[in-house]
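For reference, the structure is listed below as structure tokens.
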Amino acid sequence: MIKAILIFNNHGKPRLIRFYQYFAEDMQQQIIRETFHLVSKRDDNVCNFLEGGSLIGGSDYKLIYRHYATLYFVFCVDSSESELGILDLIQVFVETLDKCFENVCELDLIFHMDKVHYILQEVVMGGMVLETNMNEIVAQVELQNRMEKSEVQVWASI
Amino acid sequence: MALKIVKGSIDRMFDKNLQDLVRGIRNHKDDEAKYISTCIDEIKQELKQDNIAVKANAVCKLTYLQMLGYDVSWAAFNIVEVMSSSKFTYKRIGYLAASQCFHEGTDVIMLTTNQIRKDLSSPNQYDTGVALTGLSCFVTPDLARDLANDIMTLMSHTKPYIRKKAVLIMYKVFLKYPESLRPAFPRLKEKLEDPDPGVQSAAVNVICELARRNPKNYLSLAPLFFKLMTSSTNNWVLIKIIKLFGALTPLEPRLGKKLIEPLTNLIHSTSAMSLLYECVNTVIAVLISLSSGMPNHSASIQLCVQKLRILIEDSDQNLKYLGLLAMSKILKTHPKSVQSHKDLILQCLDDKDESIRLRALDLLYGMVSKKNLMEIVKKLMLHVDKAEGTTYRDELLTKIIDICSQSNFQYITNFEWYISILVELTRLEGTRHGHLIASQMLDVAIRVKAIRGFAVAQMATLLDNAHLLTGNTQRNGICEVLYAAAWICGEFSEHLEDPMQTLEAMLRPKVATLPGHIQAVYVQNAAKLFATVLRKHDGETESQAAQETSQLLIDRLPLFVQSANLEVQERASCILQLVKYIQKLQQKNVEVAEEVTALFAGELNPVAPKAQKKVPIPEGLDLDAWINEPPSESESEDEKPKAVFAKEEPKHSRSRHTEVDEKELARRREVRKQEQANNPFYIKASPSSQKVYDAPGVEHIPVVQIDLSVPLKVPGMPMSDQYLKLEVERRQKEKAERKKKEKKKKREKRGKERKADSGPESEEDITPAHQVDIVTEEMPENALPSDDDDKDPNDPHKALDIDLDKYVPYCRHLQFIHVLHIVYDIQGNHQDESKVVVSVIFENKSDSFLKSMEFNVLDSLNSKLQRPEGAGAHDSLTVPFQLPPGQDTHAFLFVSSVSVSIVAVCIDCFLMQSDESSTHEKLDFKLHFTCTSYLITTPCYSDAYAKLLESGDLKGSSLRLEGINMPFHHLLARICFHHHFSVVERIDSCASMYSRSIQGHHVCLLVKTTVSIDAKCDEPSLLGNVLDEIKQTFSKC
Chain A
1 MIKAILIFNN
11 HGKPRLIRFY
21 QYFAEDMQQQ
31 IIRETFHLVS
41 KRDDNVCNFL
51 EGGSLIGGSD
61 YKLIYRHYAT
71 LYFVFCVDSS
81 ESELGILDLI
91 QVFVETLDKC
101 FENVCELDLI
111 FHMDKVHYIL
121 QEVVMGGMVL
131 ETNMNEIVAQ
141 VELQNRMEKS
151 EVQVWASI
Chain B
1 MALKIVKGSI
11 DRMFDKNLQD
21 LVRGIRNHKD
31 DEAKYISTCI
41 DEIKQELKQD
51 NIAVKANAVC
61 KLTYLQMLGY
71 DVSWAAFNIV
81 EVMSSSKFTY
91 KRIGYLAASQ
101 CFHEGTDVIM
111 LTTNQIRKDL
121 SSPNQYDTGV
131 ALTGLSCFVT
141 PDLARDLAND
151 IMTLMSHTKP
161 YIRKKAVLIM
171 YKVFLKYPES
181 LRPAFPRLKE
191 KLEDPDPGVQ
201 SAAVNVICEL
211 ARRNPKNYLS
221 LAPLFFKLMT
231 SSTNNWVLIK
241 IIKLFGALTP
251 LEPRLGKKLI
261 EPLTNLIHST
271 SAMSLLYECV
281 NTVIAVLISL
291 SSGMPNHSAS
301 IQLCVQKLRI
311 LIEDSDQNLK
321 YLGLLAMSKI
331 LKTHPKSVQS
341 HKDLILQCLD
351 DKDESIRLRA
361 LDLLYGMVSK
371 KNLMEIVKKL
381 MLHVDKAEGT
391 TYRDELLTKI
401 IDICSQSNFQ
411 YITNFEWYIS
421 ILVELTRLEG
431 TRHGHLIASQ
441 MLDVAIRVKA
451 IRGFAVAQMA
461 TLLDNAHLLT
471 GNTQRNGICE
481 VLYAAAWICG
491 EFSEHLEDPM
501 QTLEAMLRPK
511 VATLPGHIQA
521 VYVQNAAKLF
531 ATVLRKHDGE
541 TESQAAQETS
551 QLLIDRLPLF
561 VQSANLEVQE
571 RASCILQLVK
581 YIQKLQQKNV
591 EVAEEVTALF
601 AGELNPVAPK
611 AQKKVPIPEG
621 LDLDAWINEP
631 PSESESEDEK
641 PKAVFAKEEP
651 KHSRSRHTEV
661 DEKELARRRE
671 VRKQEQANNP
681 FYIKASPSSQ
691 KVYDAPGVEH
701 IPVVQIDLSV
711 PLKVPGMPMS
721 DQYLKLEVER
731 RQKEKAERKK
741 KEKKKKREKR
751 GKERKADSGP
761 ESEEDITPAH
771 QVDIVTEEMP
781 ENALPSDDDD
791 KDPNDPHKAL
801 DIDLDKYVPY
811 CRHLQFIHVL
821 HIVYDIQGNH
831 QDESKVVVSV
841 IFENKSDSFL
851 KSMEFNVLDS
861 LNSKLQRPEG
871 AGAHDSLTVP
881 FQLPPGQDTH
891 AFLFVSSVSV
901 SIVAVCIDCF
911 LMQSDESSTH
921 EKLDFKLHFT
931 CTSYLITTPC
941 YSDAYAKLLE
951 SGDLKGSSLR
961 LEGINMPFHH
971 LLARICFHHH
981 FSVVERIDSC
991 ASMYSRSIQG
1001 HHVCLLVKTT
1011 VSIDAKCDEP
1021 SLLGNVLDEI
1031 KQTFSKC
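So this is what it looks like as structure tokens:
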């Protein structure tokens, strides 16, 4: 199971947070701070796995992250997930973002948090991996966007 | 109306949208909080408007603010409003907001049940999808109970997009409502073979998650998974299955044997590292499960170790990390294969990556032996010196201690060396683990009697140099060590060379800066030392030294008497008075030494940490019973009565003041004393018998005399290194001696030459340098050595421990002995309401292959099998699969039917004995269609419900259930689940429920906690049957 997905930038500013277990808002912020603290001090050429987040999970949990330019993508998972599999999944997620936003950059995430959520919802659901095929994900996201657009047009025509 | 909409759209143009909000926050970096608070005020205004577009926009902005840490739960009701919008755009916003901020404590969640049910059955697949996604994040036990049936139906939806979501969410439903697992399981299992790979992967995912927690219930699925493993090409699915096998093999070694070959093939063939790694992991799990019975898998172990070595040597840090992780699993059962890679692992200790260093440390823990312990610890000590950052250094420190103390100090051959290591560790700056070192010192000094002399000397030096440890305020974690030092010096003071000097060190004014609990130990042990000094000078008349000691104490103790710490103050003043009295006696030349020593006589034995818990409760003692009359209600407004004894939560630990008169107190004290006197586990003041318990692992530690010929101090080296050097020398000497004995004829000189090329020593050759007498910890006499005290009773997965192979009470079973086992379940068809779906599971119980099965259904008056087009009314239905022995599979029948009936079915089947011979068998059975199978869970709002009851079209009847003692919500859950009802409203002691038959008859129930059911329905025959079935359901439990 995936317990949480966090995206924050090089300064620790959250860009997307998705907890699959309930934490109160202040605790969520504390977890983001702690995770940022753990992840940010690591060089880029060390491994992408990290144990020892004290606030979330405990001994069975692991942080698996990737660092792209200005953003950190952190997945907090338990031992039922394959470590390398999750790394691949982050890659799939980022490539999907890239396809949906056309050359994604931090600004896209800043201004379209809701859209990023909708894309993520097609990849992970309730902490379990839903789909790993990028084409399928992109197709479903686009179909939903088209539906949204058609509704907006109905509005505009009134 | 049109005007209102136009006005709404114009208003909307002036509202901030999400992008404006983000931009605004970025432009107000200096006063962000203030800006956001004005935004929240705006949002509050927007939420008050009727226009749903404005509301949705506001909720979207709130979702963003929630990410920044703002609590937005106050808008929960507005979120529900947006969720119920008919527009997908807004619905999506609402569900996203709900998934981010709803949780079990959100009270408006109960308002969402009907909305979610509506969305789940929406004709638009994305409405359904969004509802499923949202629900997966905030499902509560109530929602799970009410919606389980709807979601189960969605698992057979025509669109794979919905199927896979429905399958995944079932896991969350199981967690919240475990009762749903059993009926949903057949369908879940069937999804393992769904034509869509996404759905298949989701089903694998859910079953893996379930099996990980309770593997034994899923063993029967192994053949199915085995088939999937050999046929699937999806790496994700493969990884999950292989991981699942890793969890199953410990329970079924035969499975492991079968797995080795295909896994080995995968290891050789796959190019995906992730898959390779999981294969290696599972092979390791298999080998572990086989290790007891089958020793002939060294080739597989070699393959694993070899592959892992490649991973560890890889330049990719991730692979290196995982390689080490997997290596530690092999280590547990096959330490020898890993130990040969010690060089590689020690190398990883130098890695720049902390995660990798920590993994390597973990491995070292299992790699130590008597032979290499000193060497490995020496290497670690070097790292401690080099390490940057206190976290890693602390980690090293705990690891060193773990490594040395593991399994009752099994690998330590020289305890003097260990004490020196501990003393060296005290020089570490800024460590948090002072108490850990201290407890090790105490442990060793108490349990290894032979070492006490040495330990006491070391501790005395520590006390003497206490200023080094306490000088820096930042280092105060380490001063815990002084606690141990003081106690050891006091308790074993007979070993001290110069007790007077130590006593002086313990009473320095500087000591007053130490934490209170340490000072207390200082004071108490100063008294013990005092006793020792007196005894030393016993017999000398008018001993100057003894009197000087008394004077020293009298001079120094007043400092402690003024201490702010109560414990210190109390002990100091007590001892001060004692010493003053002794001084008087000394002046009169009275012999006091013996009496003073008697104060501290006796030895404390170590007690096992779990001992207290294991003390059996004496017969007739009821810990839950009141000792006093319970206080009257008015006294305890803030505390619940009874909770004080019933629960162990800390918040209740505050003791209650009850007033008892003096006599009663005195009486109780007397009783308690009596009890303590009779209680073997209570540590008494009298000298306890010097029991030495034999540790189970002690016998194999050989006992040798201390090799006193070895000089103890080599100048110019850190202490522990000396031991390493001496140990090496000693071993060589021993070996040389052994060799000498073996080959007496050879000259000594040649024997020495030989040592360079001699093979590795075996473990048994190494003899400890010390007479080791490790005292085990005491346990109560009749305590049971159970190890399951550590299980967490609150684990939600415990409730899912359900034996799924056992017969399900609410699916119907038919068994034809030795041939076929059939389970069937009947449900109303949501898509076409004139039909019901019969799902049938066939299980081949025979040893032979079942081929070409045919269903012959005899249609009855009011039920008809739906046959393929063009088929005649009496044609049989061919079952579209064959059944190998021991396997099961599913089929669906669609039956048009209108009311309660029995359908006679006959199956023709051919049993293939072998390729040549086959037999034909005819099996007759009947499917019972109960009337609640025709009910479809339909939501109903309370106002519509009230109208329905008022209309007067319904006839009533009622039912009393006897002997039911389950919680009310369980009762409701059962009715909902088994009879397809939904709860309309629940008020305290009663609940109204509703359901509709496929022909549109309404059924209303009023269930009361007194377990009576009033039912109303517009079809009297249906009414009677429903009540009969409900009665039957509850008579079974």
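Residue numbers (the numbering used here), protein chains in the order written: chain A, 1 to 158; chain B, 1 to 1037.
In this text, a Cβ means the ideal position worked out from N, Cα and C, and glycines have one as well.
Values in this document were obtained by computation on a predicted structure and should not be read as measured data.
Legend entry - Anticipated Cβ contact below 8 Å, residue 228/B with residue 241/B, distance rounded: About 6 Å separates the CB atoms of residue 228/B and residue 241/B; that is less than 8 Å, so the two are in contact.
Inset, instruction - Determine the direct distance from the alpha carbon of residue 440/B to that of residue 586/B, and round the result to whole angstroms. - result: Here the C-alpha atom of residue 586/B lies approximately 39 Å from the C-alpha atom of residue 440/B.
Inset, instruction - Would you kindly report the start and end of the unbroken beta strand (DSSP E) that includes residue 1005/B? - result: Element bounds for residue 1005/B: 1002 to 1008.
Legend entry - Chain-ordered neighbours of residue 498/B on chain A, where CB pairs are closer than 7 Å: Simply none; closest approach about 46 Å.
Inset, instruction - Note down the Cα distance separating residue 307/B from residue 82/A, rounded to an integer number of angstroms. - result: Taking the straight line from one Cα to the other gives about 18 Å.
Inset, instruction - Could you confirm whether any beta carbon from chain B is found closer than 8 Å to the beta carbon of residue 40/A? - result: With 8 Å as the cut-off, residue 40/A does not count as an interface residue toward chain B.
Inset, instruction - Measure how close the beta-carbons of residue 62/A and residue 51/A come, nearest whole angstrom, since I'm counting them as under 8 Å. - result: About 6 Å; that satisfies the 8 Å criterion.
Legend entry - Under 7 Å by beta carbon: chain A residues contacting residue 239/B: Within chain A, the residues near residue 239/B are 82, 85.
Inset, instruction - Quick one: residues in its chain with C-beta nearer than 6 Å to the C-beta of residue 1009/B, no 5 flanking neighbours on either side, listed in chain order? - result: Its chain contains 968, 989 as the residues whose beta carbon lies nearer than 6 Å to that of residue 1009/B, once the 5 sequence neighbours on both sides are disregarded; these appear in chain order.
Inset, instruction - Would you mind stating whether residue 511/B and residue 524/B have Cβ atoms separated by less than 8 Å? - result: Not a contact, by the Cβ cut-off of 8 Å.
Legend entry - Which listed residue (533/B, 941/B, 461/B, 522/B) has its alpha carbon closest to that of residue 493/B: Looking at 533/B, 941/B, 461/B, 522/B, the one whose alpha-carbon comes closest to that of residue 493/B is 533/B.
Legend entry - Inter-stretch contact at 8 Å, needing at least 3 Cβ pairs: the region 330 to 344 of chain B / the region 360 to 372 of chain B: Verdict: yes, contact present.
Inset, instruction - Answer with buried or exposed for residue 37/A, where buried requires no fewer than 16 other C-beta atoms within 10 angstroms of its C-beta. - result: Residue 37/A comes out exposed.
Inset, instruction - In the DSSP assignment, find the alpha helix (DSSP H) that holds residue 161/B and state where it starts and stops. - result: From DSSP, the alpha helix (DSSP H) with residue 161/B extends over 160 to 176.
Legend entry - Of the residues 205/B, 109/B, 217/B, 330/B, the one placed nearest residue 234/B, counting alpha carbons only: Measuring from the Cα of residue 234/B, the nearest candidate turns out to be 205/B.
Inset, instruction - Note the first and the last residue of the continuous alpha helix (DSSP H) segment covering residue 477/B. - result: From DSSP, residue 477/B is part of no alpha helix (DSSP H); its letter is neither H nor E.
Legend entry - Local Cβ density within 10 Å of residue 1002/B, reported as buried at 16 or more and exposed below that: Burial call: buried.
Legend entry - Closer than 8 Å at the beta carbon, the chain A residues around residue 109/B: Proximity of chain A to residue 109/B at the Cβ level (cut-off 8 Å) is not reached, the minimal Cβ distance being about 12 Å.
Legend entry - Which residues DSSP lists as bridging residue 208/B, in chain order: According to the DSSP secondary-structure assignment, residue 208/B is paired through a beta bridge with no residue.
Inset, instruction - Mind checking which residues open and close the alpha helix (DSSP H) that includes residue 268/B? - result: 253 to 269 is the span of the alpha helix (DSSP H), which, as asked, contains residue 268/B.
Inset, instruction - For residue 236/B, go through chain A and note every residue whose CB falls closer than 8 Å to its CB, in chain order. - result: What residue 236/B touches in chain A: 85, 129, 132.
Inset, instruction - Can you have a look at residue 189/B and say buried or exposed, based on whether 16 or more other CB atoms are within 10 angstroms of its CB? - result: Around the beta carbon of residue 189/B, 16 or more other beta carbons lie within 10 angstroms, which makes this residue buried.
Legend entry - CB contact flag (residue 827/B, residue 837/B, <8 Å): Yes, the Cβ-Cβ distance between residue 827/B and residue 837/B is below 8 Å.
Inset, instruction - Have a look at 413/B, 404/B, 349/B and flag the residue whose alpha-carbon is nearest the alpha-carbon of residue 382/B. - result: Closest by alpha carbon: 349/B.
Legend entry - Cβ of residue 54/B within 8 Å of any chain A Cβ: Closer than 8 Å: no.
Inset, instruction - In the DSSP assignment, find the unbroken beta strand (DSSP E) run with residue 67/A in it and report its ends. - result: If you look at residue 67/A, you'll find it in the beta strand (DSSP E) that goes 62 to 68.
Inset, instruction - Note down, in chain order, each residue of its chain lying with its Cβ closer than 8 Å to the Cβ of residue 99/A, except the 5 sequence neighbours on either side. - result: Correct list, in chain order: 134, 138.
Inset, instruction - Could you tell me how far apart the beta carbons of residue 64/B and residue 96/B are, in whole angstroms, since I believe they sit closer than 8 Å? - result: Contact flag wrong, Cβ pair sits at about 11 Å.
Inset, instruction - May I ask you to list, following chain order, the residues of the region 14 to 45 of chain B that have a beta carbon less than 7 Å from some beta carbon of chain A? - result: Correct list: 18, 19, 22.
Legend entry - Min CB distance residue 97/A to chain B below 8 Å: Residue 97/A does not count as touching chain B.
Inset, instruction - Determine, using beta carbons only, whether residue 51/A comes closer than 8 Å to chain B. - result: When Cβ-Cβ separations below 8 Å define contact, residue 51/A makes contact with chain B.
Inset, instruction - May I ask you to report which of helix, strand or coil DSSP gives residue 24/A? - result: Taken through DSSP and simplified to helix, strand or coil, residue 24/A comes out as coil.
Legend entry - Neighbouring residues, chain A, relative to residue 158/B (Cβ below 9 Å): Residues of chain A passing the Cβ test: none, with the nearest at roughly 16 Å.
Legend entry - Distance between beta carbons of residue 119/A and residue 87/A, contact taken as under 8 Å: Residue 87/A to residue 119/A, Cβ: 18 Å. No contact.
Inset, instruction - Please report the residue range of the alpha helix (DSSP H) in which residue 126/B lies. - result: It spans 125 to 138 - the alpha helix (DSSP H) in which residue 126/B sits, taken as one unbroken run.
Inset, instruction - Please look up how many angstroms separate the CB atoms of residue 455/B and residue 488/B, rounded, as I've assumed it's under 8 Å. - result: With a Cβ gap of about 6 Å, residue 455/B and residue 488/B count as contacting.
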